[in-house]
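The sequence shown: position 228 = 228 (full-length UniProt numbering), numbered continuously.
Glycine is no exception: its CB is placed at the ideal position from the N, C-alpha and C atoms.
One structure below.
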Amino acid sequence: MATTAGPSSDSHFYIKNVDERSVEERVIDDWLPITSSRTAKWWYSSFHNVTAIVGAGVLSLPYAMSQLGWGPGVAVLVISWIVTLYSLWQMVEMHEMVPGKRFDRYHELGQHAFGQTLGLWIVVPQQLIVEVGVDIVYMITGGQSLKKFHDLVCQDCKDIRLTYFIMIFASVHFILSQLPSFNSISGVSLAAAVMSVSYSAIAWGASVNKGVQPDVQYGYKPGSTADTVFNFFSALGIVVFAYGGHNVEMEIQATMPSTPERPSKVPMWRGVIVAYIVVALCYFPVAIIGYWTSAIR
1 MATTAGPSSD SHFYIKNVDE RSVEERVIDD WLPITSSRTA KWWYSSFHNV
51 TAIVGAGVLS LPYAMSQLGW GPGVAVLVIS WIVTLYSLWQ MVEMHEMVPG
101 KRFDRYHELG QHAFGQTLGL WIVVPQQLIV EVGVDIVYMI TGGQSLKKFH
151 DLVCQDCKDI RLTYFIMIFA SVHFILSQLP SFNSISGVSL AAAVMSVSYS
201 AIAWGASVNK GVQPDVQYGY KPGSTADTVF NFFSALGIVV FAYGGHNVEM
251 EIQATMPSTP ERPSKVPMWR GVIVAYIVVA LCYFPVAIIG YWTSAIR
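Right under this line is the structure:
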């Protein structure tokens with residue numbers, strides 16, 4: 001008589017594969033700050049994602065709207081939100097798509113798809129381009145913000161070069177990088193998420209307070225066909241740049257606990273949904289209200 005596997009067979013297979021992880025893999029997991037602690041809650045995913053996605057790019061969205069116009073601009077915002085959320089869902093699902101294996105880092109997923117060597121060469125250079133580029137942008141932006149704050153608070157003080165403020169900003173990041181695990185920066189990430197929401201609210205709130213300008217025009221800026229095309233694609237780039245964060249998605253999910261009954265994708269996806277609602281509340285008002293009041297050219 002034929003027999004069927006019991007309901008716990010998948011669980012035993014899952015646990016067996018985890019137990020068979022090599023000693024080297026376990027040592028690496030315990031040492032790396034990303035995977036040394038897998039006790040994160042679903043709301044950690046929320047503010048980690050808000051911090052990773054909402055950045056200085058949100059303040060450029062009104063300009064992007066001015067190059068796209070009402071119809072295309074709103075359509076691009078909505079489509080970008082949906083497409084990036086869908087791609088994020090795919091990554092969440094792929095984190096544990098192989099039984100007993102967790103793709104804790106982005107390049108591991110590339111290696112699974114393209115092979116051990118080719119996967120590294122395809123993924124890592126692109127990661128480095130994104131990470132180094134973003135680091136440079138935010139080092140400069142952070143330094144400029146500190147300098148602006150210093151100049152406003154202490155107008156009679158001696159002028160300090162921007163370079164020193166960038167170094168101060170970098171030094172703080174260097175200190176934070178010494179924390180033992182990814183979960184250790186949860187408080188910092190929460191504060192950053194609150195600040196992201198705050199400056200987005202300040203941006204659209206200031207626009208509402210300022211009101212619609214008397215000389216505002218919503219038509220396309222006169223110019224050659226080439227200028228219009230380049231401005232259109234530049235605006236698309238601005239919108240796409242605003243939806244970052246996917247490059248650290250695997251690392252965020254790596255901090256989530258996982259069992260056969262409740263895999264890590266459950267709390268992770270819950271956090272992503274909350275994060276994307278917050279992202280929409282930040283991006284859409286800034287883009288639409290900013291364009292409505294000023295139609296920045």
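- Between M250 and R161, the CB-CB gap reaches or exceeds 7 Å.
- Following the DSSP letters along the chain, one finds R270 inside the alpha helix (DSSP H) bounded by residues 265-294.
- In the DSSP assignment, T51 falls within the alpha helix (DSSP H) that extends over 42-53.
- For M65, the enclosing alpha helix (DSSP H) has its first and last residue at 61-68.
- Cβ contact annotation for A52 (same chain, cutoff 7 Å, sequence separation greater than five): G244, G245, V248, in chain order.
- As the crow flies, the alpha-carbon of A203 is around 28 Å from that of D227.
- The beta carbon of M91 lies closer than 6 Å to those of E249 in the same chain, with the five residues before and after it left out.
- Per DSSP, the unbroken alpha helix (DSSP H) holding G205 starts and ends at 186-210.
- Looking at the backbone, the Cα of V278 and that of E261 are separated by about 29 Å.
- Taking a cut-off of 8 Å for Cβ pairs, the stretch 283-294 and the stretch 139-147 do not touch, as fewer than three such pairs fall below it.
- Of the residues assessed, M167 falls on the exposed side of the cut-off, its CB having fewer than 16 other CB atoms within 10 angstroms.
- In the DSSP annotation of this structure, the continuous segment of the alpha helix (DSSP H) that includes G237 starts and ends at 225-242.
- In the displayed model, M97 falls within coil according to three-state DSSP, outside both helix and strand.
- A distance below 7 Å separates the beta carbons of A64 and A235.
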